[in-house]
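Take a look at the structure set out below.
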Amino acid sequence: MVAVPAWSVVVPAKRLAVAKTRLRPLTDQAAHPAVAREELHQALVLALLADTVAAARECSLVAEVVVVTDEPAAADLVRGLGARTVADEPDGGLNAALEHGAGAAAGDAVAALSSDLPALRPAELTAALGAAAAVPRSFVPDVHGTGTTLLTAIGTPLRPRFGTGSAGAHREDGALALAGDWPGLLRDVDDLDDLRAAVGLGVGRHTARLLAGSPTLAVQLGAAR
Numbered sequence: 001m002v003a004v005p006a007w008s009v010v011v012p013a014k015r016l017a018v019a020k021t022r023l024r025p026l027t028d029q030a031a032h033p034a035v036a037r038e039e040l041h042q043a044l045v046l047a048l049l050a051d052t053v054a055a056a057r058e059c060s061l062v063a064e065v066v067v068v069t070d071e072p073a074a075a076d077l078v079r080g081l082g083a084r085t086v087a088d089e090p091d092g093g094l095n096a097a098l099e100h101g102a103g104a105a106a107g108d109a110v111a112a113l114s115s116d117l118p119a120l121r122p123a124e125l126t127a128a129l130g131a132a133a134a135v136p137r138s139f140v141p142d143v144h145g146t147g148t149t150l151l152t153a154i155g156t157p158l159r160p161r162f163g164t165g166s167a168g169a170h171r172e173d174g175a176l177a178l179a180g181d182w183p184g185l186l187r188d189v190d191d192l193d194d195l196r197a198a199v200g201l202g203v204g205r206h207t208a209r210l211l212a213g214s215p216t217l218a219v220q221l222g223a224a225r
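When we follow UniProt numbering, the leftmost residue of the sequence shown carries the number 1, and every step to the right adds one.
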């Protein structure tokens with residue numbers, strides 16, 4: 001029987017000004033004037049992050065969540081959810097940020113988790129991390145099979161290869177692809193269709209609250225009844 005370790009989960013959070021730009025058409029249509037559009041876009045990015053971090057914090061196998069960010073609003077938010085933050089000192093992009101976060105994590109079992117998984121359930125992450133305990137490095141491809149939502153390493157460097165075609169890059173670098181019944185873990189949010197699909201699965205309380213407070217946004221997503 002494989003011993004299941006206590007995991008440190010590392011989550012990257014970009015500065016709000018450059019985060020989730022492909023969702024801007026959605027928030028631009030849902031709010032006016034320009035300042036309201038920007039506020040709604042930032043609120044949506046933070047809600048996605050909050051639901052991701054909250055699910056990770058509630059996962060029974062997770063000892064700590066480390067958020068790598070230079071965004072003050074994101075840092076304040078996730079600390080309130082029980083996460084620890086570290087500054088993005090490398091300032092060299094996503095993979096450098098994840099390596100930095102992994103270096104700051106406690107223990108030998110480290111997982112990099114996408115920051116935009118609003119439909120993630122703690123039980124899904126528990127199942128995935130339980131499966132990951134059997135191998136030195138593993139990853140979970142996104143619903144399209146090309147990206148990566150979770151990358152794990154035990155007693156070995158994380159070696160993140162996030163970006164275009166990251167699933168193939170992680171596989172070629174020796175990580176084992178994991179599969180299971182965890183739809184919320186597969187559904188990261190890059191565009192309107194992804195967000196609509198996540199809403200269909202059932203999003204966490206932060207994203208749900210944002211939709212409830214923005215009927216126009218909810219209607220565009222098909223979330224209104």
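The beta-carbon is built from N, C-alpha and C at its ideal position, and this holds for glycine as well.
The model shown is predicted, which means the values in this text are computed figures rather than measured ones.
Pairwise C-alpha distance: residue j and residue i
i	j	result
Gly82	Val18	25 Å
Ala177	Ala34	42 Å
Ala224	Arg196	With a pLDDT of 44 at Ala224, under the threshold of 50, the predicted position of this residue should be treated as unreliable, and no value is reported.
Asp51	Thr156	29 Å
Val189	Thr164	14 Å
Asp91	Ala97	7 Å
Thr69	His41	18 Å
Gly180	Phe139	12 Å
Val182	Leu192	In the sequence under discussion, the amino acid at residue 182 is Trp, which differs from the Val named in the question. C-alpha separation (whole angstroms): 21 Å.
Distance CB(residue i)-CB(residue j) smaller than 8 Å
i	j	result
Ala56	Leu125	yes
Gly107	Ser214	no
Arg15	Glu71	yes
Ala133	Val10	no
Ala119	Leu201	yes
Leu44	Leu77	no
Thr148	Pro141	yes
Val66	Val53	no
Gly103	Arg137	no
Ala111	Pro160	no
Whole-angstrom C-beta distance between residue j and residue i, which should lie under 8 Å
i	j	result
Gly184	Leu117	6 Å
Leu61	Gly130	7 Å
Leu48	Thr207	6 Å
Arg37	Thr27	6 Å
Ala74	Ala13	4 Å
Arg187	Val143	5 Å
Helix, strand or coil at residue i according to DSSP, with G and I counted as helix
i	result
Leu178	coil
Pro33	coil
Glu64	strand
Thr21	helix
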